[in-house]
Every structure is written in C-alpha cells, then in structure tokens.
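Encoded as structure tokens, the structure appears first; notes follow it.
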Amino acid sequence: MNLDGMVTKEDLALLNRYVSSDGTLSIQEYADRNFGFERETDFQIDFGRKVVRAKFSVSDNVKRWDLYIDGVLYGKYTNLTSPGSAIPVVISGVHDIKISTETSGTVSIAIPQAKL
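Here our numbering is used: the first residue of the sequence shown is 2, the next is one more, and so on.
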C-alpha cells in the first residue's frame with residue numbers, strides 16, 4: 002500500500018488494513034453508495050511491480066456494484082446470484098480504484114501478500 006500522506010486521520014479511522022490468516026493483505030471500508038480510493042486528492046493503490054490477482058468483493062447486502070480502475074468501468078457485478086463472491090483482477094502498478102454501489106455496504110480488496 003502506498004498511502005503517501007494522501008489520507009486524512011478520519012479516512013484512516015474507516016480504513017482497516019490487516020494481513021489475513023490465508024496470507025492476503027485485505028482492505029475493508031464502509032461504503033455509502035459511492036466508495037472509492039479517491040478522496041479530495043486521488044488515493045491510489047500500488048499493487049507492486051509483479052502482477053497479482055487482487056480479489057474485489059462487497060458485502061452480501063449490496064446487490065449490484067460497479068468496479069472502476071483508473072476512471073474506466075472494469076465491470077458491473079451482482080450479488081443476487083452468488084452473494085459475497087470475489088471478482089479476480091489481474092493487475093500490477095499504481096491505479097485509482099473506485100467502487101460504486103446502489104446501497105451502503107462494506108468493500109473488500111484482498112491482495113496476495115507474497116506478490117507485494
């Protein structure tokens with residue numbers, strides 16, 4: 002992660018960063034309709050130089066959500082058929098991430114720790 006001083010103390014209070022028991026680095030934040038790693042100044046994730054398979058997911062109560070990478074729609078997803086399932090994204094380098102939801106919920110991004 003490259004927070005690089007672009008996150009306020011209030012943002013950090015909402016952002017939980019931890020290494021899970023399965024060896025992934027997980028990021029979770031409460032989302033209120035529009036969630037993004039974009040604040041008043043752009044908030045970017047540095048996925049590292051090596052290509053990783055990051056897994057994006059939202060909480061079960063969020064039925065539909067859109068994933069944007071660098072301002073471009075990556076895909077539209079639904080939890081109606083498979084609640085809580087993660088969307089794998091093969092990615093490397095620094096990117097702006099935004100997730101748009103129709104209702105409030107929790108957004109999670111899991112990154113294989115060994116690849117960072």
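Glycine included, each C-beta is placed from N, C-alpha and C at the ideal position.
Query: Own chain, CB closer than 8 Å to S86, minus 5 neighbours either side, in chain order; Result: S58 and N80
Query: I112 burial status per 10 Å Cβ neighbour count (16 or more: buried); Result: buried
Query: Reduced DSSP secondary structure (H/G/I, E/B, other) of D33; Result: For D33, the predicted structure reports a pLDDT of 45, less than 50, and the residue's modelled location is therefore unreliable. A value from the coordinates is still provided. D33 falls in the coil class under three-state DSSP.
Query: Three-state secondary structure (DSSP) of G72; Result: coil
Query: DSSP three-state assignment for D57, whether helix, strand or coil; Result: Position check: residue 57 holds Phe in this sequence, whereas Asp was assumed. Reduced to three states, the DSSP call for F57 is strand.
Query: I88 vs K64 beta-carbon contact at 8 Å; Result: no
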